[in-house]
Amino acid sequence: MSDDPREQVRLGCQVLDLLGQSDLVWGHVSVRDPGGRGTWIKARGLGFDEVTASDVVLVDRDGTILEGDGGLHLEYPIHTEVLAARPDVSAVVHTHPQAAVAFGATDLELRPIGHEGALFSPPGPPRFTGTSDLINTSELGAAVAASLGNHNAVLLVNHGIVTAGRDLPAAVLGAVFLEKACRLQLDAAATGRPLRWSTDEEAVAKRESFGGPGQMASVWQYLLRRVQTRVEARTPTV
Ligand SMILES: [Zn+2]
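According to my numbering, the stretch in the sequence shown is residues -1 to 236, in order.
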């Protein structure tokens, strides 16, 4: 994958759209600037499927656009504050996926119903309840980062999710897998029957067997092929 953060953000947006995480023009992907200048984030006003590398802007922690054309999402502090709080993280995703928002509104603890849940549970992602409104100040962004703590995801109750990754694929796949884990548990719980889930020991083991770097690299390469095929299908040939 390209080292260019603009290209990485583009790919993250395209993969999220491919896997059903688009919510009109809402939601964002960001990558830490390798030179320490700030955060590269998708510009506002565009759907994930529309984002190109030129629709990605570099913003500092105060919200000043340092490079690139395009407006800034009101919720950019989610990204700048999580990246400030977590030196081990280099990419952040914020989306509003339906199952995760529905799940976040319950008092259920996320359980490893399928493989994906094992990446988040035990102990299950925290819930941020400071506000269900937009995270549009540095104070609110810092509060979300504090709620995230050392986890790889946080549920913003009545709003959406935030995932954090050591690299872009980890943050993007985190959002995809969290949504699927929430969907599986909601579907299973809807039966009204007692639930069974992986033991803690199995769940932790699955982080290597299912969620290890080899598997994730293979998944990511597959998704890049899917994105490329789709882009080519949309590109007119002369
Ligand atoms: Zn939001």
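For glycine and all other residues, C-beta sits at the position ideal for the given N, C-alpha and C.
The structure displayed is predicted, hence computed values, not measured ones.
What does the alpha-carbon distance come out to for the pair residue 104 and residue 233? The alpha-carbon of residue 104 is positioned some 43 angstroms away from that of residue 233.
Could you give the C-beta distance for residue 108 and residue 115, rounded to a whole number, given that I count them as a contact under 8 angstroms? The Cβ separation is near 6 angstroms, so the contact holds.
Nearest by alpha-carbon distance to residue 34: which of 82, 12, 127, 138 is it? Ranked by Cα distance from residue 34, the options 82, 12, 127, 138 are led by 82.
Can you check whether the CB of residue 209 is closer than 8 angstroms to the CB of residue 241? In this structure the chain extends from -1 to 236, so residue 241 is not present and cannot be described.
So, using beta-carbon positions, are residue 52 and residue 67 closer together than 8 angstroms? Taking 8 angstroms as the Cβ cut-off, residue 52 and residue 67 qualify as a contacting pair.
Check: residue 114 C-beta below 7 angstroms from any heavy atom of ligand 1: No - ligand 1 has no heavy atom lying nearer than 7 angstroms to the Cβ of residue 114.
Does the beta-carbon distance from residue 124 to residue 152 come in below 8 angstroms? Yes, the Cβ-Cβ distance between residue 124 and residue 152 is below 8 angstroms.
List the residues that DSSP assigns as beta-bridge partners of residue 126. According to DSSP, residue 126 bridges with 154.
Where residue 21 falls: helix, strand or coil (DSSP): Residue 21 falls in the strand class under three-state DSSP.
For residue 211, count neighbouring C-beta atoms within 10 Å of its own C-beta (all shown protein chains included) and say buried if the count is 16 or more, exposed if not. With fewer than 16 other CB atoms across the displayed protein chains lying within 10 angstroms of its CB, residue 211 is exposed.
To which residues of the same chain is residue 174 closer than 6 angstroms at the C-beta, ignoring the five residues directly before and after it? If you ignore the 5 residues before and after residue 174, its C-beta comes within less than 6 angstroms of the C-beta of 17, all in its own chain and listed in chain order.
Once DSSP output is grouped into helix, strand and coil, what is the label at residue 221? Here residue 221 sits in helix by DSSP.
Tell me the start and end of each unbroken alpha helix (DSSP H) in the segment 144 to 210 that is at least 4 residues and wholly inside, in chain order. Those alpha helix (DSSP H) runs which fall completely within the segment 144 to 210 and span 4+ residues are 166 to 188, 198 to 207.
Are there 16 or more other CB atoms within 10 angstroms of the CB of residue 229, so buried, or fewer, so exposed? Looking at its Cβ environment, which holds fewer than 16 other Cβ atoms inside 10 Å, residue 229 is exposed.
Simplified DSSP state of residue 111, which is helix, strand or coil: In the structure shown, the three-state DSSP call for residue 111 is coil.
Ligand 1 site residues, beta-carbon cut 6 angstroms against heavy atoms: Here the list is 24, 73, 92, 94, 157, 158.
Which partner residues does residue 39 have in the DSSP bridge list? Beta-bridge pairing links residue 39 to 28, 55.
How long is the line joining the alpha carbons of residue 227 and residue 197, rounded to whole angstroms? Near 39 angstroms, if we compare the C-alpha coordinates of residue 197 and residue 227.
In three-state DSSP terms, what is residue 78? Correct three-state label for residue 78: helix.
Could you tell me if residue 216 is buried or exposed, where buried requires 16 or more neighbouring beta carbons within 10 angstroms of its beta carbon? Taking a 10 Å sphere around the C-beta of residue 216, we find fewer than 16 other C-beta atoms and assign the residue as exposed.
Relative to the C-alpha of residue 110, which candidate in 63, 162, 204, 0 has its C-alpha closest? Among 63, 162, 204, 0, the Cα nearest to that of residue 110 belongs to 204.
Length of the line joining the Cα atoms of residue 144 and residue 154: It is roughly 12 angstroms from the alpha-carbon of residue 144 to the alpha-carbon of residue 154.
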